[in-house]
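Working notes, beginning with the structure itself.
There are 2 protein chains.
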Amino acid sequence: MAVNLKQLAELLGLSQTTVSRALNGYPEVNAETRQRVLQAVRETGYRPNRAAQRLATGRAFSIGMVMPIAPGIDSDVHFGEFLAGLAEEAVKHDFHFVLNPSAPEDEEVTFRRLAASGNVDALFLAYMRANDPRIAMLKSLSIPFLVHGRSIGESRDYPFLDIDNTSAFYDAARLLIQLGHQRIALINGPDYLTFSIRRQKGMLRALTEHGLTLDEALVEHSLMTDEHGYRSMQRFLQHAQPPTAVLCSSTVLALGAVRAINQAGLKIGEDISLIAHDDVLPMLKPENFSVPLTTTRSSLRAAGARIATRLIGGILKRGDYPEQELWRAELIVRASTGPAPQK
Amino acid sequence: MAVNLKQLAELLGLSQTTVSRALNGYPEVNAETRQRVLQAVRETGYRPNRAAQRLATGRAFSIGMVMPIAPGIDSDVHFGEFLAGLAEEAVKHDFHFVLNPSAPEDEEVTFRRLAASGNVDALFLAYMRANDPRIAMLKSLSIPFLVHGRSIGESRDYPFLDIDNTSAFYDAARLLIQLGHQRIALINGPDYLTFSIRRQKGMLRALTEHGLTLDEALVEHSLMTDEHGYRSMQRFLQHAQPPTAVLCSSTVLALGAVRAINQAGLKIGEDISLIAHDDVLPMLKPENFSVPLTTTRSSLRAAGARIATRLIGGILKRGDYPEQELWRAELIVRASTGPAPQK
DNA sequence: ACGGATATCCAAAGCGCTTTGGGAGGAATC
DNA sequence: GATTCCTCCCAAAGCGCTTTGGATATCCGT
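Protein chains in written order, with the numbering used here: chain V, 1 to 343; chain W, 344 to 686.
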């Protein structure tokens, strides 16, 4: 049923060579001819056979990722959401995945094997930590790779896509300060991940700039589950001097925090203000919270899709993508932030 | 660096045909010759080029799965754990994945496209519901598939791997009854999924057989998060006549349940007994609970691995796997179950 | 000893694509 | 008018494997 190159060429009265070149954007083909080819492709629904391309070019048309088998990593919504973006884009371009589960201690071997297998054209790396040794390792592997996030303390000469976590939480904290808040708490992600570190840094900078300090007792690090959000907030509220505002690293955490606040009989946006980072999880929208949530927004799925696009574009040598991207999160003010309560 | 068939054949003084046949288990090759070939493979580290195999055979050497983008599905640990098993086994055989994210309403189109793409040799299906329309659809697709779980109400003539949920919870409930419990509650997974339905059925059967009934107020259905476990248990405890024993569909749920019980000042295994289904999540071991948990155990990762094995075996026409497998969960008694408290 | 199995092996033809190495024809150059 | 240079196209050679359609040799029964 499906046509192949040969048939398509015959149909057009052209050689396979020309058709192939027309399709792959080579210059030595007449513009008009190229149009005819493209038209024929549309009409016949021709799709090049990936296996043949693979054999002929030596490229694998697939991207590899090492799936970390570690507590609190693949366990949450965020992983699935990100994966969805990645997969969505990959499938569009007929790219495959090679998911290789691995315990952290075996990661190096796994990466090496994956790179050597010839089964992937590029590797993908995430869950960055400070001084992450994996980027040096990947550099030595002579296979393209792309990092989601950035390390800290490493030289910056590797391709990454990250969001500007520092700015995001700087902006969020500043908003709260402008609203008169003085005691601001932070419910953060795991303390070894760089996004957590940067968010805290951004928040701290805003505080310092306004002559305020960050009380250690008002900072919690944990996996980003509703449960941890709840517990963290409970602890804050039991503090002798509870915060009047809280920053959350995820809407999932915020979900729990809100519950704790409600349970304490406090009013969000009045007694206590709340800002959360919003990864745009389709099942948890900040505008649907009983009190709509002020957020710093940046879509995780979009990041996944973008990473796939860049990776694939790089492999196909199509398009020209920046090596490094830093997305700015959008501060969206809703009802969960209000002026600091009068003492 | 890597040798190919031609070189290997030359090395052995054989034709490519013979070497290929020796490797693929064809009968028309001398046993001794085959041994020589196998030996040479070991020495040279020869690995057939997948792209070439794919082109020559028309097989894709990859399995497709539609990744559901729906609330509460990819959001939990269970998904990651299962995927890990699947991926682990696939990678061993050099198989790829094609993950295709899709909203439930687009699933049919997605499956069709995937099947037609020629990019996958088999499809995989999970999160079964009662009268699940997807199995009829997959049957019509003329591409092998395998179901994790079973539907209910559909004819059973499709390949699946499931655990015997009914028996598992029948056994668990019976144990509790034998211990003298009369009011037993159930914290179950989502009510539309067949494993939940069967677990409840198994429990009900045990109760009925012993002249007991299942109080509707003592049954909760929800996503299997710690949080839901907590809330469900809280509700039970506030009941006029609280249960003396509880069945949980997951150790994650049990985690929350335990918290609620502790908070109420009750003693697990004395005031209230608890049995949970254990998917063998590496980060949540029932034996590490403060009071070690009695469980019905069946490894989710092993199920993933087995499914990959069967799927791959089917594609390669190697080995002979049963079409349908029903794994029996193991009832493991620990300290969380004790005799019913005296009134 | 001879026709016919039987057991082993091989040459060669694909699978569907990319890419090398031209080649024809017209425009530009001298 | 002869030479060079583009422009646009093509034939054919792979990529590394599987598989078809024989070959050759050995062995059997009669």
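No residue lacks a Cβ here, since even glycine has one placed at the ideal position from N, Cα and C.
Nothing here was measured: the structure is a model prediction, and the numbers come from that model.
| query | result |
| --- | --- |
| Select from V:Ile177, V:Glu270, V:Leu311 the residue whose C-alpha is nearest the C-alpha of Val291 (chain V). | V:Glu270 |
| In whole angstroms, what separates the C-alpha of Ala458 (chain W) from that of Ser483 (chain W)? | 11 Å |
| Compare the C-alpha of Asp500 (chain W) against each of W:Phe488, W:Asp534, W:Leu566, W:Thr509 and name the closest. | W:Phe488 |
| Return the chain-ordered list of same chain residues with a C-beta closer than 6 Å to the C-beta of Ser232 (chain V), the five sequence neighbours on each side being excluded. | Ile187, Glu220 |
| Please name the residue or residues paired with Ala124 (chain V) in a DSSP beta bridge. | Sequence check: residue 124 (chain V) is Phe here, not Ala. According to DSSP, Phe124 (chain V) bridges with V:Met65, V:Leu146. |
| Which whole-angstrom value describes the C-beta separation of Thr568 (chain W) and Asp663 (chain W), a residue pair presumed to lie in contact below a C-beta threshold of 8 Å? | Their Cβ separation, rounded to whole angstroms, is 40 Å, which puts Thr568 (chain W) and Asp663 (chain W) out of contact at 8 Å. |
| Report yes or no: do the region 609-628 of chain W and the region 401-408 of chain W share at least 3 C-beta pairs separated by less than 8 Å? | no |
| Interface residues of chain W around Ala154 (chain V) at Cβ under 9 Å? | Reading off the sequence, residue 154 (chain V) comes out as Glu, not Ala. Those within 9 Å of Glu154 (chain V) in chain W number zero; the least Cβ separation is about 28 Å. |
| For chain W, is any of its Cβ atoms less than 8 Å away from the one on Asp226 (chain V)? | yes |
| Quick one: Cα of Asn24 (chain V) to Cα of Leu83 (chain V), how far? | 29 Å |
| Under the rule that 16 or more other beta-carbon atoms within 10 Å means buried, what is Asp132 (chain V), buried or exposed? | buried |
| Residues of chain V with CB under 8 Å from His439 (chain W), in chain order? | Ser62, His96, Phe97, Val98, Asn119 |
| Please report whether the beta-carbon of Ile530 (chain W) lies at a distance below 8 Å from any beta-carbon of chain V. | no |
| For a cutoff of 8 Å on Cβ pairs, would you count Met576 (chain W) as touching chain V? | no |
| Between which two residues does the beta strand (DSSP E) harbouring Arg640 (chain W) extend? | 637-640 |
| Would you call His181 (chain V) buried or exposed, if buried means 16 or more other Cβ atoms sit within 10 Å of its Cβ? | buried |
| Suppose only complete runs of 3+ residues qualify. What are the beta strand (DSSP E) ranges in the region 491-550 of chain W, listed by chain order? | 503-506, 527-531 |
| Exposed or buried, which one is Leu598 (chain W) when buried takes at least 16 other CB atoms within 10 Å? | buried |
| How many whole angstroms separate the CB atoms of Phe95 (chain V) and Ile312 (chain V), which I take to be in contact at a CB cut-off of 8 Å? | 6 Å |
| What is the C-beta distance between Gln128 (chain V) and Glu108 (chain V), in whole angstroms, given that I count them as a contact (C-beta under 8 Å)? | Looking at the sequence itself, residue 128 (chain V) is Met, so the reference to Gln does not match. Met128 (chain V) to Glu108 (chain V), Cβ: 16 Å. No contact. |
| Between the alpha carbons of Glu323 (chain V) and Gly657 (chain W), how many angstroms are there, rounded? | 42 Å |
| Consider the Cβ of Glu216 (chain V): report whether some Cβ of chain W lies at a distance smaller than 8 Å. | no |
| Give the DSSP-derived three-state secondary structure of Arg402 (chain W) in the structure shown. | coil |
| Compare the Cα-Cα distances from Gly545 (chain W) to each of W:His571, W:Glu570, W:Leu518 and report the closest residue. | W:Leu518 |
| Under 8 Å, Cβ to Cβ, is there at least one residue of chain W near Met67 (chain V)? | yes |
| Counting only beta-carbon atoms, is Glu88 (chain V) nearer than 8 Å to chain W? | yes |
| What does Leu55 (chain V) touch in chain W if you count any residue whose Cβ is under 7 Å from its own? | Ala394, Ala395, Leu398 |
| How would you write the range of the alpha helix (DSSP H) that Ile312 (chain V) sits in, first residue to last? | 300-316 |
| Is there contact here, the region 47-62 of chain V with the region 86-100 of chain V, by at least three beta-carbon pairs under 8 Å? | yes |
| If we define contact as Cβ-Cβ less than 8 Å, is Gly423 (chain W) a contact residue for chain V? | yes |
| I need the DSSP call for Phe440 (chain W), collapsed to helix, strand or coil. | strand |
| In this structure, does DSSP put Ser232 (chain V) in helix, strand or coil? | helix |
| Taking only the alpha-carbon atoms, compute the straight-line gap between Val595 (chain W) and Ala329 (chain V) and give it to the nearest angstrom. | 33 Å |
| Relative to the C-alpha of Ile618 (chain W), which candidate in W:His582, W:Gln606, W:Ile675, W:Ser565 has its C-alpha closest? | W:Ile675 |
| So Ile486 (chain W) and Leu466 (chain W) are in contact, right, with Cβ under 8 Å, and what is the actual spacing, rounded? | 6 Å |
| Looking only at its own chain, which residues have a Cβ that is under 6 Å from the Cβ of Leu389 (chain W), when we skip the five neighbours before and after it? | A small correction: the amino acid at residue 389 (chain W) is Tyr; Leu does not occupy that position in the sequence shown. Closer than 6 Å at Cβ, skipping near neighbours: Val346, Leu351. |
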